[in-house]
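In the UniProt record's numbering, the protein residues as written are 1 to 158. Following: one structure in structure tokens, then a few remarks.
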Amino acid sequence: MNLNKFFDKQKELIKKLIIDPSLNDYKLSARKYLELHVKLGSLADETKCFKYWIEKDVKISKAQALDKYIECLHYILIIGIDKGYTDIEKITVKPNDYCLSDQFLGLFIDLNDLVFSPSADHYHTLFEDFISLGISLGFSEKQIEERFLQQNVRKVAL
């Protein structure tokens, strides 16, 4: 997957964000990491992969899951831009045999590694595992790219 267009689009969107000027760099960074944690949890909730009890008529909207996936992608890109980890031009990921629960748990670990020990390697691992999750959820590169490029910025205060 070629990431240059994703980073370029996200840079355009960042310029339109309204950010609370009272936040220092540390608080702003902490909120972005926390927001990604929240968004990943919301995506996991949408997939219902954490449920271990039997429920009848559980319906999962692939369109809503894709939207939540794209929200996570925005925050992964924002963090990469903020930290200067944008030299990743391409990620090649193969499907894996891990269950969705394991993949989400792995992403939370990847994100914590990045928070507490920031490095381009940890960021790359997070990105690879996130793209792998998208494949496991049944999203094609084309679907991800098209939905991402359709996004408009919301006016938010971080």
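Yeah, the Cβ is synthetic: ideal placement off N, Cα and C, and Gly gets one too. Just so it is clear, the structure is predicted and the values come from calculations on it, not from any experiment.
Measuring only the C-alpha atoms, how far is residue i from residue j?
i    : j    : result
Y85  : Y123 : 7 Å
R31  : H74  : 14 Å
I91  : N4   : 11 Å
F148 : L66  : 10 Å
V93  : E141 : 11 Å
I131 : L137 : 10 Å
K27  : P21  : 11 Å
K62  : S42  : 14 Å
K83  : L34  : 16 Å
Identify whether residue i lies in helix, strand or coil by the three-state DSSP scheme.
i           : result
N112        : helix
E141        : helix
residue 207 : Since the first and last residues shown for the chain are 1 and 158, residue 207 lies out of range.
Y98         : coil
I70         : helix
K51         : coil
Y85         : coil
Q10         : helix
S132        : helix
L107        : helix
L17         : coil
Residue i bridges to which residues according to DSSP?
i   : result
K90 : N2
Say the cut is 7 Å; is the CB of residue i nearer than that to a heavy atom of the ligand ADP?
i    : result
Y123 : As far as ligands go, the structure on display features none, and thus does not contain the ligand ADP.
Use the C-beta contact count for residue i: other C-beta atoms within 10 angstroms, 16 or more gives buried, fewer gives exposed.
i   : result
L17 : exposed
C99 : exposed
K59 : exposed
Y69 : buried
Uninterrupted alpha helix (DSSP H) stretches inside the segment 19 to 47 (no shorter than 4 residues)
25 to 47
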